[in-house]
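Numbering (our numbering), first residue to last: 46 to 339. Every residue, glycine too, gets a C-beta built ideally from N, C-alpha and C. Here is the structure we will look at.
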C-alpha cells in the first residue's frame, strides 16, 4: 500500500503527544501553511534523532551480546529495538541473522543448529532450543555434584577430624612446666609448692623437724634464734668462763635435787618454760631487771 506524503504527515502529527506535540506546534511556524512531509522529517530527526544519538545506538547494537545476563527472548527484543536505528540492518535480513547468531552465548550456540539461509525467526528458534538444552545440562550437573558430595561425606557431612572452622587446628592449652613461677613468685612443680622449712617441694604438712627461719638449724624457732642478738641470746664469754655466776632457774630444775641450771632444755615444749642465761657480774650490774639465784 503506497501512502502519499500528505497522508504520512497527517498520521505522524496525530501520533505526537505531550511535549512532542508542543514541540511541533512551535517548529512548524517557520513553514507557514506549506508544511510538507520532508519538512516534518527534517525537523523531527534534528530534534529526536541526532547524529550523536544515532551513533550511540549503533555502538550499542554492534557490541550487543547475550553475555550470560539475558535470555534468548530478551536478546531478541533488544536486538529488534536497536535495529530500528540502523536501517542497513533492517533492510538486510542476512546481516541481522549472522549478527544475532554471534551474539548468542557459546554454550547456547554449541547446542543449536546453524541452518543455511536461515531467516531471523529461525535463528531465534535455534537459540531457544540451544538455551533449553544448556539449562537442562546445568541442572543435571548440579544434581551429580550433590550426589558425589553425599557419597563422599555421607549425611553427617565432612569428617570432623583434622582442622576445624576456618582452617585452624584445635589445640589443648599447654600444662605449666616444672619449676614455673606460681602466684606470689613462689616456685611451683607438679609435686606441690616450695616448703620454707625443708626447702623442698611437697604437698601437705612438712615431716621434717621444725627449723629456725633465721639460721636454718633445728632445736629452736626464729623468735629464740641466737643470731638475732640481745641479752636473751648472748652466750658465755670465752674469756670469763671461770668468774660467771649462775642466774635464773626454773621451778622444775630445783625439784630435781639441785641439778645444774645449765642443763635446762633449749626447745619450747607446749607452754613457754623458764630460761637460764649465763651472765658475768658486769652484765648483771648493767641489767637491773635480772634476778640472781643463790
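Per DSSP, reduced to three states, the secondary structure at residue 140 is helical. Counting C-beta atoms within 10 angstroms of its own C-beta, residue 142 has 16 or more neighbours from the protein chains shown and is therefore classed as buried. For residue 238, the secondary structure class from DSSP, reduced to helix, strand or coil, is strand.
One Cα belongs to residue 164, the other to residue 107, and the distance between them is close to 19 Å.
Under the DSSP assignment, residue 198 falls in the alpha helix (DSSP H) whose first and last residues are 165 to 198. Taking C-beta atoms as the reference points, residue 103 and residue 124 fail to come closer than 8 Å. Counting C-beta atoms within 10 angstroms of its own C-beta, residue 85 has 16 or more neighbours from the protein chains shown and is therefore classed as buried. Between the alpha carbons of residue 135 and residue 166 lies a distance of about 14 Å. Put simply, the backbone Cα of residue 152 is about 10 Å away from that of residue 172. Here DSSP, grouped into helix, strand and coil, assigns residue 247 to strand. Our two residues, residue 65 and residue 128, have alpha carbons roughly 23 Å apart in a direct line. Here residue 150 is buried. Its C-beta has 16 or more other C-beta atoms within 10 Å. For residue 154, the secondary structure class from DSSP, reduced to helix, strand or coil, is helix. With 16 or more other Cβ atoms from the protein chains shown falling within 10 Å of its own Cβ, residue 120 counts as buried.
Taking C-beta atoms as the reference points, residue 251 and residue 260 fail to come closer than 8 Å. Buried is the label assigned to residue 145, since at least 16 other Cβ atoms lie within 10 Å of its Cβ. Residue 104 sits in a helix when the DSSP states are folded into three classes. In summary, residue 99 is exposed, with fewer than 16 beta-carbon neighbours lying within 10 Å of its beta-carbon over all protein chains present. By the C-beta density criterion, residue 243 is exposed, having fewer than 16 other C-beta atoms within 10 angstroms. The C-beta distance from residue 80 to residue 176 rounds to 49 Å, too long to meet the 8 Å contact threshold. Residue 190 sits exposed, since fewer than 16 C-beta atoms from the chains shown fall within 10 Å of its C-beta. Around residue 109, the same chain offers 123, 124, 127 and 148 as residues with beta carbons nearer than 7 Å, after the five sequence neighbours per side are excluded. Note on geometry: alpha-carbon atoms of residue 247 and residue 255 lie some 16 Å from one another. Pairing residue 114 with residue 82 gives a Cβ-Cβ distance that is not under 8 Å.
Using a Cβ distance threshold of 8 Å, residue 156 and residue 188 do not count as a contacting pair. For residue 135, the enclosing alpha helix (DSSP H) stretches over residues 132 to 135. Residue 111 is classed as buried because its beta carbon has at least 16 other beta carbons within 10 Å across all chains shown.
Counting along the chain, residue 50 sits inside the alpha helix (DSSP H) bounded by residues 50 to 60. Contact check for residue 68 against residue 92 passes: the beta carbons are separated by less than 8 Å. If the five residues before and after residue 237 are omitted, its C-beta is found closer than 8 Å to the C-beta atoms of 246, 247, 248 and 249, all from its own chain and listed in chain order. The DSSP-derived three-state label of residue 263 is strand.
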